[in-house]
Every structure is written in C-alpha cells, then in structure tokens.
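This note's numbering puts the first residue of the sequence shown at 251, with every later residue one more than the last.
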Amino acid sequence: MISIEKELLNARLHYLEELSEKSGDQSFNPMVTDKVKQLIKEGEITNYMVLESVYSYLEEKLKEDSEQVDEYADEIISFLA
251 MISIEKELLN ARLHYLEELS EKSGDQSFNP MVTDKVKQLI KEGEITNYMV LESVYSYLEE
311 KLKEDSEQVD EYADEIISFL A
C-alpha cells in the first residue's frame, strides 16, 4: 500500500479517536487504536469502510472482554474480506 494511503487511514483513525473522546464515551480503549494502527501498517485495512467497521467492532467487543483484541480483529477482518 502506498504510504499516502496509510497516512490518510491514520488520519481517519485519529478523527475517530477524537470523536470518541469528545463524546465522553467511556468505552474509549487505546488497545483499539493500537490494533487498528497495526492492521493499517500490515495492509489488512485498505479503505475507510473497513477502518470504520474494524474500529467500531473492536470498540464494542472490547467492552465485554479487553483481553481478546487479536481474536476480535482477526474475526472482523476475515468477515470483511
């Protein structure tokens, strides 16, 4: 993936983080951001739709169990593929 695409995806991720923080959402979890950044770097996330889907899915799932971030990420990526 071209580095400009990764920069745009990271900028969108930052936007989603800001939205979560501004809304006062107590579910904000830095593990979600770290995992999504890793997936962007590895080329698993290639567009905004996938980025927002993965971010939202992980945010919801980690409310239940914050220890399984890798399993949840694999689950949603394979579903979207």
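Virtual Cβ for every residue (Gly too), placed ideally from N, Cα, C.
All of these numbers come straight from a predicted model, not from anything done at the bench.
Practice problem: Consult DSSP for Ser273 and reduce its assignment to one of helix, strand or coil. | Solution: coil
Quiz item: For Val300, which residues of its own chain have a beta-carbon under 7 Å away from its beta-carbon, when the five flanking residues on both sides are left out?
Solution: Leu330
Quiz item: Using DSSP with H/G/I as helix, E/B as strand and the rest coil, what is Gln288?
Solution: helix
Quiz item: Going straight from the alpha carbon of Thr318 to that of Tyr305, what length do you get?
Solution: For the sequence presented, residue 318 should be read as Gln rather than Thr. Taking the straight line joining both Cα atoms gives about 14 Å.
Quiz item: Any beta-carbon of chain C closer than 9 Å to the one on Glu310?
Solution: Looking at the structure shown, chain C is missing, and only one protein chain is on hand.
Quiz item: What's the C-alpha gap between Thr283 and His264?
Solution: 9 Å
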